[in-house]
Amino acid sequence: MVKCLENLKNVVEPETGISIVDLGLVRVSKENGETTIYYIPISAYTSPILVIAVGIQILKECKAKVKVENYYLEEEINKRLEVLINELSRLPSQTTT
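Numbering (numbering that gives the first Met the number 0), first residue to last: 0 to 96.
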């Protein structure tokens, strides 16, 4: 979980240019062996495409379930992010030699 938080410092909130960790927009939960990253957009007026983009960046950095909270389109975005993580989990791991 510590590595995940470190990786999340690389995710920048697009409207401010500041890390989502530094802004306090994420929390990490680990229950029953499953890590979930909760992301709260900086504003209710943040463009949905920016919220989705941050969600995808979180997926990329932590390879964990992502949930958007306190946002008017959270249900729809969460469904899409869940489909994405399920698809990514089916891909074979890529290793470099």
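All C-beta atoms in this analysis are idealised placements derived from N, C-alpha and C, irrespective of residue type, glycine included. Bear in mind that the values here come from a model prediction, so they are computed numbers and not experimental data.
Val-11 by DSSP, collapsed to three states: which one? strand
To the nearest angstrom, how far is the alpha carbon of Val-25 from that of Ile-17? 13 Å
Going by beta-carbon coordinates alone, are Gly-67 and Glu-60 separated by less than 9 Å? One point to set straight first is that residue 67 is Val, not Gly, in the sequence displayed. Not closer than 9 Å, so no.
When the Cβ atoms of the segment 41 to 57 are set against those of the segment 1 to 12, are three or more pairs found closer than 8 Å? yes
Anyone know if the C-beta pair for Thr-34 and Ser-42 falls short of 9 Å? no
In this structure, does DSSP put Ile-36 in helix, strand or coil? strand
Where Pro-91 falls, given that 16 or more other Cβ within 10 Å makes a residue buried: exposed
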